[in-house]
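Here's the structure we're looking at; comments come further down.
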Amino acid sequence: MSAEDFPPAEMPTPSPHFSVTDVIVVVAYFLLNLAVGIWIGASLFASSEGSSLFIGLAGTAAAGGVAVAGFEWNATFVLLALAWVFVPVYISSGIVTMPEYLQKRFGGERIRIYLSSLSLLLSIFTKISTDLYSGALFVQVCLGWNLYLSTVLMLVVTAIYTIAGGLAAVIYTDALQTVIMVIGATILTVTAFGEIGGYQNLEEAYLKAMPSKIIPNTTCHVPRLDAMHLFRDPVSGDLPWTGMTFGLSVVATWYWCTDQVIVQRSLSAKNLNHAKAGSILASYLKMLPMVVIIMPGMISRILYPGKLQ
569 MSAEDFPPAE MPTPSPHFSV TDVIVVVAYF LLNLAVGIWI GASLFASSEG
619 SSLFIGLAGT AAAGGVAVAG FEWNATFVLL ALAWVFVPVY ISSGIVTMPE
669 YLQKRFGGER IRIYLSSLSL LLSIFTKIST DLYSGALFVQ VCLGWNLYLS
719 TVLMLVVTAI YTIAGGLAAV IYTDALQTVI MVIGATILTV TAFGEIGGYQ
769 NLEEAYLKAM PSKIIPNTTC HVPRLDAMHL FRDPVSGDLP WTGMTFGLSV
819 VATWYWCTDQ VIVQRSLSAK NLNHAKAGSI LASYLKMLPM VVIIMPGMIS
869 RILYPGKLQ
């Protein structure tokens with residue numbers, strides 16, 4: 569008998585379906601990876617979501633709608649670049665600060681001093697000052713305290729736990745702040761949507777939220793017709809999609825991948841895997857402001873149209 573007399577053997581085909589066990593294993597692996605970087609991820613998120621951003625995002629959303637979410641969602645991709653592209657280079661070079669890296673890369677002490685001085689000045693005038701003012705403004709509105717007293721108290725408390733505990737104390741505090749911000753903002757979001765009857769009423773009610781007095785030279789007067797559009801016209805849009813997609817990515821890369829405040833969080837990780845897990849967690853957290861900050865900001869315009877300026 570020849571081999572042709574035997575029928576060809578049928579090869580088993582793999583089943584395309586996943587069992588419940590497979591799904592559980594994948595989910596458990598994913599959650600364990602996130603848990604590894606929980607401190608780094610929470611600290612990265614809290615470092616960017618200060619009081620100034622809470623007020624700024626909500627205020628911009630009240631004035632123009634959801635497009636400002638691009639500032640947050642753009643970071644989800646850049647955070648991954650931080651962990652997979654930049655941090656390995658920083659770790660291999662053995663540096664702990666950005667000025668130190670430039671000194672090793674280009675040589676000379678002057679560039680290190682220059683970048684250190686520039687970073688301090690930018691932090692004071694563009695970050696610390698706005699965070700202090702917005703935080704003090706929040707305390708003044710909620711508790712009725714004096715604006716300058718609130719500013720001094722926040723400076724003193726921050727200085728005490730930072731000097732006493734170092735970076736570890738800062739990261740633990742950031743993690744606590746992340747939990748408080750997410751829970752508090754979620755409660756606010758649920759309450760706000762309950763006031764307007766749900767998400768389905770948001771767009772219609774927003775477009776009807778006219779201030780009692782319209783001043784043409786202000787930004788928060790007549791509601792924009794494209795308020796619910798993420799990608800807006802490159803010519804007439806207040807936040808054109810071209811700038812939000814390409815221009816903002818350059819700025820986001822500078823902030824998330826080279827700013828000392830952000831990079832030192834990733835460099836403090838036990839190893840590169842922890843840094844990557846932290847960036848993944850922070851990327852997911854950066855998707856939340858669209859729902860828990862921006863949309864409540866739009867609802868505030870609906871509930872209090874007479875207070876628009």
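Residue numbers for the sequence shown follow my numbering, beginning at 569 and rising by one.
Every residue, glycine too, gets a C-beta built ideally from N, C-alpha and C.
C-beta contact flag for residue i and residue j at 8 Å
{"i": "alanine 843", "j": "valine 655", "result": "yes"}
{"i": "alanine 643", "j": "tryptophan 824", "result": "yes"}
{"i": "alanine 739", "j": "serine 836", "result": "It should be noted that the sequence gives isoleucine, not alanine, for residue 739. Their beta carbons are under 8 Å apart, which means isoleucine 739 touches serine 836 by this criterion."}
{"i": "serine 702", "j": "isoleucine 623", "result": "yes"}
{"i": "leucine 510", "j": "methionine 866", "result": "Given a span of 569 to 877 for the chain in the structure shown, any question on residue 510 remains unanswerable."}
{"i": "isoleucine 862", "j": "leucine 625", "result": "yes"}
{"i": "aspartate 742", "j": "alanine 610", "result": "yes"}
{"i": "serine 847", "j": "alanine 614", "result": "no"}
{"i": "valine 634", "j": "alanine 795", "result": "yes"}
{"i": "serine 864", "j": "leucine 798", "result": "Reading off the sequence shown, one finds proline at residue 864, where the question assumed serine. Not in contact: proline 864 and leucine 798 (Cβ atoms no closer than 8 Å)."}
Same chain, Cβ closer than 6 Å to residue i, neighbours up to 5 away in sequence not counted
{"i": "glutamine 832", "result": "none"}
{"i": "lysine 695", "result": "none"}
{"i": "aspartate 806", "result": "Gly632"}
{"i": "valine 707", "result": "Trp713, Ser718"}
{"i": "valine 780", "result": "The identity of residue 780 in the sequence shown is serine, whereas the question assumes valine. Contacts found: Gly874."}
{"i": "tryptophan 607", "result": "Ile739, Ala743"}
Length of the line joining the Cα atoms of residue i and residue j
{"i": "methionine 666", "j": "glycine 605", "result": "22 Å"}
{"i": "leucine 721", "j": "alanine 737", "result": "18 Å"}
{"i": "methionine 749", "j": "valine 758", "result": "14 Å"}
{"i": "threonine 754", "j": "glycine 638", "result": "20 Å"}
{"i": "tyrosine 774", "j": "lysine 854", "result": "24 Å"}
{"i": "glutamine 671", "j": "alanine 704", "result": "38 Å"}
{"i": "threonine 746", "j": "aspartate 699", "result": "16 Å"}
{"i": "valine 527", "j": "leucine 744", "result": "Absent from the structure is residue 527, since the part of the chain shown begins at 569 and ends at 877."}
{"i": "alanine 571", "j": "asparagine 839", "result": "Since pLDDT at alanine 571 reaches only 47, below the 50 mark, its modelled position is unreliable, and the value read off the structure follows with that caveat. Their Cα atoms are separated by approximately 59 Å."}
{"i": "threonine 726", "j": "aspartate 801", "result": "42 Å"}
{"i": "serine 661", "j": "serine 834", "result": "15 Å"}
{"i": "phenylalanine 674", "j": "glycine 765", "result": "59 Å"}
{"i": "glutamate 617", "j": "tyrosine 682", "result": "28 Å"}
{"i": "arginine 678", "j": "serine 687", "result": "14 Å"}
{"i": "arginine 680", "j": "leucine 689", "result": "14 Å"}
{"i": "leucine 715", "j": "tyrosine 729", "result": "22 Å"}
{"i": "glycine 676", "j": "phenylalanine 761", "result": "57 Å"}
{"i": "alanine 883", "j": "glycine 627", "result": "Look at the range of the chain in this structure, 569 to 877, and you will see that residue 883 is not part of it."}
{"i": "isoleucine 692", "j": "serine 684", "result": "12 Å"}
Cβ neighbours of residue i in the same chain (closer than 7 Å, five flanking residues each side left out)
{"i": "alanine 777", "result": "Pro791, Arg869, Ile870, Pro873"}
{"i": "serine 851", "result": "Thr644, Leu647, Leu648"}
{"i": "serine 620", "result": "Thr698, Asp699, Ser702"}
{"i": "threonine 810", "result": "Pro802"}
{"i": "alanine 577", "result": "Residue confidence is low: alanine 577 scores 48 on pLDDT, short of 50, so the model does not pin down where it sits. No coordinate-derived value is stated."}
{"i": "tyrosine 669", "result": "Tyr658, Ser661, Ile663"}
Residue range of the unbroken alpha helix (DSSP H) whose run includes residue i
{"i": "isoleucine 870", "result": "863-871"}
{"i": "glutamine 832", "result": "828-835"}
{"i": "leucine 705", "result": "697-711"}
{"i": "isoleucine 742", "result": "Before going on, a small fix: residue 742 reads as aspartate here, not isoleucine. 715-764 is the span of the alpha helix (DSSP H), which, as asked, contains aspartate 742."}
{"i": "phenylalanine 645", "result": "638-649"}
{"i": "tyrosine 658", "result": "655-661"}
{"i": "serine 620", "result": "619-632"}
{"i": "leucine 612", "result": "606-616"}
Secondary structure of residue i, DSSP reduced to three states
{"i": "arginine 678", "result": "helix"}
{"i": "proline 791", "result": "coil"}
{"i": "proline 779", "result": "coil"}
{"i": "alanine 577", "result": "With a pLDDT of only 48 at alanine 577, under the threshold of 50, the placement of this residue in the model should not be trusted; the figure read from the coordinates follows. In this structure, alanine 577 counts as coil in the three-state DSSP scheme."}
{"i": "proline 802", "result": "coil"}
{"i": "alanine 571", "result": "Any reading at alanine 571 is ruled out, since the residue's pLDDT is 47, under 50, leaving its predicted position unreliable."}
{"i": "histidine 842", "result": "helix"}
{"i": "valine 860", "result": "helix"}
{"i": "lysine 875", "result": "helix"}
{"i": "serine 583", "result": "With a pLDDT of only 49 at serine 583, under the threshold of 50, the placement of this residue in the model should not be trusted, and no figure is reported."}
Same chain only: Cβ atoms within 8 Å of residue i, ignoring 5 sequence neighbours per side
{"i": "leucine 816", "result": "Gly638, Phe639, Asn642"}
{"i": "threonine 826", "result": "Phe654, Met666"}
Heavy atom of the ligand SAH within 7 Å of residue i beta-carbon
{"i": "lysine 854", "result": "As presented, the structure is devoid of all ligands, the ligand SAH included, so that no description of it is given."}
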